[in-house]
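Quick note on the working numbering: the sequence shown kicks off at 414 and runs consecutively.
This report concerns only the one structure given below.
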Amino acid sequence: MEQIFNESKAFKQLDEDPTIQKEDKLQRKLLHLKNNGFLTDSEYKFTRPVGSQPGKAYGLLKIHKDGVPLRPVISACGTFNYKLSKLLVNKLKHLRASPTIVIDTFKFVKELQNIKLNTTNIKMLSFDIVSLFTRVPLACTIDLILDKMYGPTHTCSFSELKRADWCSKCQHRYELKWLLDISTKDSHFICNEKLYCQTEGIAMGSPLGPLLVDIYINYLESKLKRRLEENGVLYWKRFVDDCFVLVNENTDINKLLDILNSFDVDIQFIVETEKKYSISFLDILITRTKGEISNSNPVESNGVQWNRLKFWRALHKYSIDM
């Protein structure tokens, strides 16, 4: 784990612990937002940090990947912005809605079984987004959120007016941006008694991480949807950074990959093709046979089928603590 942080440009080592300074800065801002009515009393009490600690790094096994590599995760519990992040997720979660997102494994399987396609004339693909959490562009994603909440930037922010004289929409946009920035940027944490700071992307382990990732990739998918469909994509579903795709049998897979990888130089996809008419997605083995698409769900030792999405948080207990 320490090697990952030392070798990646998304992280840097710190000489001093900034927790107290960040906690104090957030406390003062939250009090200001309560006093001007942007936060309710209950929201202020919930988000006000006390006795904060740096995040803690651990490794999560990628059990569905060859070699079972480690995924670095930063536990945000007890950090100065943890409760603020949870509040923001609750306020913004409606922005992630998309027909491409897999919400429930069992519903996804049922949908596959009901697909009206000639399964003898299609191929199954799986696209994986490389290191998505450390690559997602925070500034762009936050702007997408602000535009969805308040519309494009109003003229107040470009005028010579003092911020106190801005319209309420521009003031609220400014305050939400401030809260999103402090909740996501430069997250610091401990690994093997050394302090690090994540300088790019969003920390995997932050409550806001999956939300911001979904919002940005929803945006990417919406911009590329027509080109992908024109080049053979028939069906597209995604869970965080894993995509399951059905395409025409004569589809140029390399062209699809070029389309996906041309949108953002930092967001890069890799592809896996079906083998012997089967492919793995979300720990489900999906098989296409003549006339239908079937699946084989993984089972636990007691023989009970489990839903990876519904028990995503529970899977974190199978991590390697660092």
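All C-beta atoms, glycine included, are put in the ideal place defined by N, C-alpha and C.
In the DSSP output, what is residue i paired with across the bridge?
i	result
Asn-661	Ile-535
Ala-470	Ile-487
Phe-682	Ile-542
His-601	Cys-610
Arg-651	Ile-514, Cys-656
Here's the rule: buried if 16 or more other CB atoms are within 10 angstroms of the residue's CB, otherwise exposed. What is residue i?
i	result
Asn-736	No statement about residue 736 is possible, as the shown extent of the chain runs from 414 to 735 and does not include it.
His-601	buried
Val-626	buried
Gly-645	buried
Val-712	Confidence at Val-712 is low in this model, with a pLDDT of 38, below 50, so its placement is unreliable and the value that follows should be read with caution. It counts as exposed.
Ser-596	buried
Glu-662	exposed
Lys-730	The predicted position of Lys-730 is uncertain, since its pLDDT is 34 and thus under 50; a value taken from the coordinates is nonetheless stated next. By the neighbour-count rule (16 or more Cβ atoms within 10 Å), Lys-730 is not buried but exposed.
Ile-516	exposed
Asp-430	exposed
Val-522	buried
Ser-455	exposed
Is the distance from the Cβ of residue i to the Cβ of residue j below 8 Å?
i	j	result
Asp-654	Ile-542	yes
Leu-659	Thr-518	no
Lys-496	Thr-460	yes
Glu-613	Ala-423	yes
Leu-669	Leu-698	no
Leu-443	Ile-535	no
Tyr-563	Arg-576	no
Ile-372	Leu-538	Residue 372 lies beyond the range of the chain shown here (414 to 735); nothing can be said about it.
Ile-680	Leu-508	no
Phe-546	Leu-673	no
Gln-440	Pro-462	yes
Lys-638	Phe-676	no
Leu-608	Pro-485	no
Cys-569	Cys-580	yes
Ser-498	Asn-631	no
Out of the options, which has the shortest C-alpha to C-alpha gap to residue i?
i	options	result
Leu-500	Leu-592, Ala-423, Leu-473, Phe-519	Leu-592
Asp-428	Ser-498, Cys-610, Leu-483	Cys-610
Ser-465	His-585, Asp-696, Thr-432, Lys-442	Thr-432
Asp-671	Asn-663, Glu-662, Cys-569, Phe-682	Phe-682
Ile-603	His-567, Lys-469, Gln-434, Ser-581	Lys-469
Lys-506	Thr-566, Ser-570, Lys-425, Ile-558	Ile-558
Cys-656	Thr-686, Phe-676, Glu-643	Thr-686
Leu-589	Asp-556, Phe-418, Thr-568	Asp-556
Gly-618	Tyr-471, Leu-530, Asn-667	Tyr-471
Asp-560	Arg-548, Val-549, Cys-583, Asn-667	Cys-583
Lys-438	Asp-578, Ser-707, Asp-594	Asp-594
How about residue i: is its C-beta nearer than 8 Å to some C-beta of chain D?
i	result
Lys-425	This model lacks chain D altogether, as it is built from one protein chain only.
Are there three or more Cβ pairs, one per stretch, closer than 8 Å when the region 489-507 is compared with the region 520-537?
no
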